[in-house]
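Visitor:
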Amino acid sequence: MDVAQLFDRYFLEYSSYYIRERAIPHIGDGLKPVQRRILHALHRMDDGKFHKVANVVGQTMQFHPHGDQSIFGALVNLANKGLLIDRQGNFGNINTGDAAAAARYIECRLSPLANAVLFNPDTTEYIDSYDGRSQEPVVLPAKLPLLLAQGAEGIAVGMATKILPHNLVELWNAQIRYLQGKTFEVFPDFATGGLIDVAAYDDGNGKILVRADVERQPDRLLIRSVPFGVTSEQLIASIERAAREKKVRINKISDYTAEAVELELELPPGVNPEFVVDSLYAFTDCETSISAHFLVIDNEQMPKRLSASEALRYATDRLVSLLREELQLAAGLVQERIRAKTIERVFIEEGIYKTIEELGTTAQIAGAVRSGLKPFCGEVNDAEMERLLRIPIRRISLFDRNRFDDELRALEEERADIERQLADIKQVAVRFIERLKRKFGKEYRRRTRIESFAATEKREVAQRELSMRFDKRSGYIGHTLSEGDTLFKLSAYDPVVLIRQDGSYVVAEAPAKLHAGRDMLYCAIADPEVILSIVYTDPFGVTFIKRCKLGTYALNRTYSIVPEYCWIGGLTCDNEQTIHLNYVPQARMRKKQETFTIADYPVRSIRAGGIQLSSKEIADCRLE
Numbered sequence: 009m010d011v012a013q014l015f016d017r018y019f020l021e022y023s024s025y026y027i028r029e030r031a032i033p034h035i036g037d038g039l040k041p042v043q044r045r046i047l048h049a050l051h052r053m054d055d056g057k058f059h060k061v062a063n064v065v066g067q068t069m070q071f072h073p074h075g076d077q078s079i080f081g082a083l084v085n086l087a088n089k090g091l092l093i094d095r096q097g098n099f100g101n102i103n104t105g106d107a108a109a110a111a112r113y114i115e116c117r118l119s120p121l122a123n124a125v126l127f128n129p130d131t132t133e134y135i136d137s138y139d140g141r142s143q144e145p146v147v148l149p150a151k152l153p154l155l156l157a158q159g160a161e162g163i164a165v166g167m168a169t170k171i172l173p174h175n176l177v178e179l180w181n182a183q184i185r186y187l188q189g190k191t192f193e194v195f196p197d198f199a200t201g202g203l204i205d206v207a208a209y210d211d212g213n214g215k216i217l218v219r220a221d222v223e224r225q226p227d228r229l230l231i232r233s234v235p236f237g238v239t240s241e242q243l244i245a246s247i248e249r250a251a252r253e254k255k256v257r258i259n260k261i262s263d264y265t266a267e268a269v270e271l272e273l274e275l276p277p278g279v280n281p282e283f284v285v286d287s288l289y290a291f292t293d294c295e296t297s298i299s300a301h302f303l304v305i306d307n308e309q310m311p312k313r314l315s316a317s318e319a320l321r322y323a324t325d326r327l328v329s330l331l332r333e334e335l336q337l338a339a340g341l342v343q344e345r346i347r348a349k350t351i352e353r354v355f356i357e358e359g360i361y362k363t364i365e366e367l368g369t370t371a372q373i374a375g376a377v378r379s380g381l382k383p384f385c386g387e388v389n390d391a392e393m394e395r396l397l398r399i400p401i402r403r404i405s406l407f408d409r410n411r412f413d414d415e416l417r418a419l420e421e422e423r424a425d426i427e428r429q430l431a432d433i434k435q436v437a438v439r440f441i442e443r444l445k446r447k448f449g450k451e452y453r454r455r456t457r458i459e460s461f462a463a464t465e466k467r468e469v470a471q472r473e474l475s476m477r478f479d480k481r482s483g484y485i486g487h488t489l490s491e492g493d494t495l496f497k498l499s500a501y502d503p504v505v506l507i508r509q510d511g512s513y514v515v516a517e518a519p520a521k522l523h524a525g526r527d528m529l530y531c532a533i534a535d536p537e538v539i540l541s542i543v544y545t546d547p548f549g550v551t552f553i554k555r556c557k558l559g560t561y562a563l564n565r566t567y568s569i570v571p572e573y574c575w576i577g578g579l580t581c582d583n584e585q586t587i588h589l590n591y592v593p594q595a596r597m598r599k600k601q602e603t604f605t606i607a608d609y610p611v612r613s614i615r616a617g618g619i620q621l622s623s624k625e626i627a628d629c630r631l632e
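In this text, residue positions in the sequence shown follow my numbering: the first is 9, and each later residue adds one.
1. For Y452, collect the residues of the same chain with a Cβ closer than 6 Å to its Cβ; drop the 5 residues on either side in sequence, then sort them by chain order.
2. Identify which residue in G189, R454, K151, A627 has its Cα closest to the Cα of R443.
3. Indicate whether V238 and R257 have their beta-carbon atoms separated by less than 8 Å.
4. Quick check on D628: buried or exposed, where buried means 16 or more other Cβ atoms within 10 Å of its Cβ?
5. Quick one: is I619 buried, meaning 16 or more other Cβ sit within 10 Å of its Cβ, or exposed?
6. Bridge partners of E357, per DSSP?
7. Are the Cβ atoms of A300 and I204 separated by less than 8 Å?
8. My output table needs one value for C385: the three-state DSSP class, helix, strand or coil.
9. Would you kindly work out how many angstroms separate the C-alpha atoms of Y322 and D306, rounded to a whole number?
10. Quick one, which of I404, R526, I542 has its alpha-carbon nearest V354's?
11. Between the region 539 to 547 and the region 594 to 603, are three or more C-beta pairs nearer than 8 Å?
12. Run the CB neighbour count on M476, radius 10 Å, all protein chains shown included, and call it buried at 16 or more, exposed below.
13. Against chain D, with Cβ distances strictly below 8 Å, would R228 count as a contact?
14. Note the first and the last residue of the continuous alpha helix (DSSP H) segment covering R252.
15. Measure the C-alpha to C-alpha separation of I433 and K60 and round it to an integer number of angstroms.
16. When the Cα atoms are used, what is the spatial distance from T292 to R313?
17. Cutting at 7 Å between CB atoms, please list the residues of its own chain near E228, excluding the five before and the five after it.
18. Please return the same chain residues whose Cβ sits closer than 7 Å to the Cβ of Q43, not counting the five positions on each side in sequence.
19. Would you report the Cα separation of K640 and R612, rounded to the nearest angstrom?
20. Whose C-beta lies closer than 7 Å to the C-beta of A199 among residues of the same chain, with five residues either side of it excluded?
21. Does DSSP put E267 in a helix, in a strand, or in coil?
22. Contact check, K521 vs G486 under 8 Å by CB: the rounded distance?
23. Between A319 and L155, is the Cβ-Cβ spacing less than 8 Å?
24. On the premise that S512 lies in contact with T566, defined as a C-beta separation below 8 Å, what is that separation, rounded to the nearest angstrom?
25. Could you check where the beta strand (DSSP E) with T68 kicks off and where it finishes?
26. Residues in its own chain within less than 7 Å of L179 by CB, not counting five upstream and five downstream?
27. Under a three-way DSSP split, which group does I184 fall into?
28. Here's a check: name, in chain order, each residue in its chain whose Cβ is nearer than 8 Å to the Cβ of E223, leaving out the five neighbours to either side.
29. Is I426 closer than 8 Å to A338 when the C-beta atoms are compared?
30. Quick one: what does DSSP say Y289 is sitting in, helix, strand or coil?
31. Is R326 buried or exposed, if buried means 16 or more other CB atoms sit within 10 Å of its CB?
32. Below 8 Å between beta carbons: does that hold for L50 and R95?
33. Whole angstroms is fine: what's the gap from E136's alpha carbon to P33's?
34. Determine the burial state of H523: buried for a count of at least 16 other Cβ atoms within 10 Å of its Cβ, exposed for fewer.
35. Check each candidate in V84, E459, N590, A607 and name the one with the smallest Cα separation from V206.
36. In chain order, which alpha helix (DSSP H) runs of at least 4 residues are fully inside the region 497 to 562?
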């Protein structure tokens, strides 16, 4: 095997390991391996009391081979999601971005919700840990749509996932609707609050717009939430930067953030708060967009792209499967108890215990018991035999048939109830979810408001305070020129179109200084809806009119609005104007001039040719 083959082999092995073992969550329980190992360690340690995080990290290292810092970071992140781990001490602040205290100073334990929905050794598959000294779960038997409730983010080799968190109560409601055969829809919900627009959200994929919730007052603005993924420190920095660049008009920022975000923006006198809010959304981190990409590891240990609905349906089907498995295990245990009771009654009532009193060897005793029970109970295994022979003589002497029958009837009723539940397993799942809602639902109210709003265009709210000037002597245009004629006002985000006499044109983003040439014919803020009416003459002396819009364009690229080697005689944006052509006098010429109405000619694509006006040689062209 050559070096290239070795590289390909080991790189593939490494990338596969990284994808499965570190970066991408599993569809079964919605957890990454390090998260699953932390929860497994906490379950083994669970005594209802808080544990030092440093101790939890140490216990987790039995299963996780990547070091204490990676475990600590994952534990803090998992705890701050507010679902599975109860915290005590400083675990940082997701609003401000403050880091957690050292692991030796903070404590944690499993939350009541985690204990209720995550663990059952009887339905969990275990494998050896990395060093073979312990065992860890392949996936936890999670009876909760954790993948959607917590969200996940990870970058692997050649792929990435970004699953947005959702509201737990809404997920439970959606699960119930699915079990009832109804349609459902779920949307993200962020612990940081704020506003979201889900118009471009595609069921777990696509984009959402996120905004801080800004409270308007006559002389100030109050910000009490930050967009998801943005800290208050980042938000303040973006506002200060926009204020320095005079994109946002404020006097002062006061930060009163503690556990909750509270920023106060003092406004200058006479400034409209609505305009400032629009500027905040356009030029600061008060508005951001988030791209979601729903990628998981499936049961075949392969990466798979899903939708949020598919993930919720899978989680619900798995809940049903786990509840069925638990009921089947319970039914088996009840059946074992019924058989044990039955065997014990026969052993006593039929006097089998008396037949073994005179027997000397173990083999003789076992043979007598087996033969005595066989007509009534069939073959008896060794465990059942051992249990019979351990019955105290006092219990035999105090045997009460009526009490025994009552116990058997109770067990039969329990078995029948389990069978009824198995026959209606979906309703069992619905009742299970309803119990979770009643017990935990009050803790998980929606924090993010869903509203409809378009992304704020910077160009729309930017103040046009810059002066576009044209210096005829040098042929330059720009908003940094100190000399020349002022053409118009613009903002730093306004694109400018420049058209020259030869028909060449360019669109530039608010040029500071751009050589236009002395033959500049037209300069204005580029508006794709403005109709340009152009009169031009080709090399053969034929005069045309062309009416068009700018359409799409690339910045700082030179285009031609008329055919090559043509000369523009006039250009206007006024559709009410007329064209006056004066012709060069010729012998026997009847019409020395003609007038044309611009509005009589159609608007075509910018790439289309013009419409002929005249083939006569023109002396001059006037637009009035």
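Cβ coordinates follow ideal geometry from the N, Cα and C atoms, glycine included. None of the values given here were measured: they were computed from a predicted structure.
Guide: According to the data block:
1. Taking the sequence shown and counting its residues from 1, the one referred to as residue 452 is at position 444. Here the set comprises L176, V177.
2. Within the sequence shown, residue 443 is the residue found at index 435, counting from 1. Nearest in C-alpha terms to R443, of all of G189, R454, K151, A627, is K151.
3. Translated into the one-based positions of the sequence shown, residue 238 becomes position 230. Translated into the one-based positions of the sequence shown, residue 257 becomes position 249. Not closer than 8 Å, so no.
4. Taking the first residue of the sequence shown as position 1, residue 628 is located at position 620. That one is exposed.
5. Here residue 619 is taken as the residue at index 611 of the sequence shown, counted from 1. I619 counts as exposed, since fewer than 16 other C-beta atoms from the protein chains shown sit within 10 angstroms of its C-beta.
6. By 1-based counting over the sequence shown, the position of residue 357 is 349. DSSP lists no bridge partner for E357.
7. Stepping through the sequence shown from its first residue, residue 300 is reached at position 292. Stepping through the sequence shown from its first residue, residue 204 is reached at position 196. Annotated as distal: A300 and I204, with beta-carbon spacing of 8 Å or more.
8. Mapped onto the sequence shown, residue 385 falls at position 377. In this structure, C385 counts as helix in the three-state DSSP scheme.
9. Locating residue 322 in the sequence shown gives position 314, where the first residue counts as 1. Locating residue 306 in the sequence shown gives position 298, where the first residue counts as 1. Whole-angstrom Cα-Cα distance: 11 Å.
10. Residue 354 sits at position 346 when you count from the first residue of the sequence shown. Of the candidates I404, R526, I542, the one whose C-alpha sits nearest the C-alpha of V354 is I404.
11. These segments do not touch.
12. Residue mapping note: residue 476 aligns to position 468 of the sequence shown, counting from 1. That one is buried.
13. No chain D appears in this structure, which consists of one protein chain only.
14. The sequence position of residue 252 within the sequence shown is 244, counting from 1. If you look at R252, you'll find it in the alpha helix (DSSP H) that goes 240 to 252.
15. If you number the sequence shown from 1, residue 433 lands on position 425. If you number the sequence shown from 1, residue 60 lands on position 52. Distance between the alpha carbons of I433 and K60: 41 Å.
16. Here residue 292 is taken as the residue at index 284 of the sequence shown, counted from 1. Here residue 313 is taken as the residue at index 305 of the sequence shown, counted from 1. For T292 and R313, the gap between their C-alpha atoms comes out near 33 Å.
17. Against the sequence shown, residue 228 aligns to sequence position 220. The question names Glu, but residue 228 in the sequence shown is Arg. Apart from sequence neighbours up to five positions away, the residues of its chain that approach R228 with a beta-carbon distance below 7 Å are E272, L273, E274, L275, ordered along the chain.
18. Within the sequence shown, numbered from 1, the residue matching residue 43 stands at position 35. The residues are A82, L86.
19. Missing from the structure shown is residue 640; the chain here goes from 9 to 632 and no further.
20. Sequence index remark: in the sequence shown, residue 199 carries index 191 (1-based). G90, I102, R455.
21. By one-based count along the sequence shown, residue 267 stands at place 259. The answer is coil: DSSP assigns E267 none of H, G, I, E or B.
22. As a first step, residue 521 is located in the sequence shown; it is residue number 513 there, counting from the start. As a first step, residue 486 is located in the sequence shown; it is residue number 478 there, counting from the start. Their Cβ separation, rounded to whole angstroms, is 4 Å, which keeps K521 and G486 in contact under 8 Å.
23. Indexing the sequence shown from 1 puts residue 319 at position 311. Indexing the sequence shown from 1 puts residue 155 at position 147. Yes, they are a contact pair.
24. As a first step, residue 566 must be located in the sequence shown, where it is residue number 558. As a first step, residue 512 must be located in the sequence shown, where it is residue number 504. Correct: roughly 6 Å between the Cβ atoms.
25. Within the sequence shown, numbered from 1, the residue matching residue 68 stands at position 60. The continuous stretches of beta strand (DSSP E) do not include T68, which lies in the alpha helix (DSSP H) extending over residues 61 to 68.
26. Taking the sequence shown and counting its residues from 1, the one referred to as residue 179 is at position 171. Correct list, in chain order: P153, L156, A157, V194, L320.
27. As a working mapping, residue 184 is identified with position 176 in the sequence shown. Helix.
28. Reading the sequence shown from its first residue, position 215 is the one you call residue 223. Excluding positions up to five away in sequence, the list reads L229, L230, I231, R232.
29. One-based indexing of the sequence shown puts residue 338 at position 330. One-based indexing of the sequence shown puts residue 426 at position 418. Going by C-beta atoms, A338 is nearer than 8 Å to I426.
30. Within the sequence shown, the letter at position 281 stands for residue 289. If DSSP states are grouped into helix, strand and coil, Y289 belongs with the helices.
31. Here residue 326 corresponds to residue number 318 of the sequence shown, with the count starting at 1. By the C-beta density criterion, R326 is buried, having at least 16 other C-beta atoms within 10 angstroms.
32. Stepping through the sequence shown from its first residue, residue 50 is reached at position 42. Stepping through the sequence shown from its first residue, residue 95 is reached at position 87. Note that the C-beta distance between L50 and R95 is not below 8 Å.
33. Walking along the sequence shown from the start, residue 136 turns up at place 128. Walking along the sequence shown from the start, residue 33 turns up at place 25. Checking the sequence shown, residue 136 turns out to be Asp, not Glu. So the alpha carbons of these two residues sit roughly 20 Å apart.
34. Working through the sequence shown from its first residue, we reach residue 523 at position 515. So H523 ends up on the exposed side.
35. Position 198 of the sequence shown, counted from the first residue, corresponds to residue 206. For the set V84, E459, N590, A607, the Cα lying nearest the Cα of V206 is the one of E459.
36. The alpha helix (DSSP H) runs of length 4 or more contained entirely in the region 497 to 562 do not exist; there are none.
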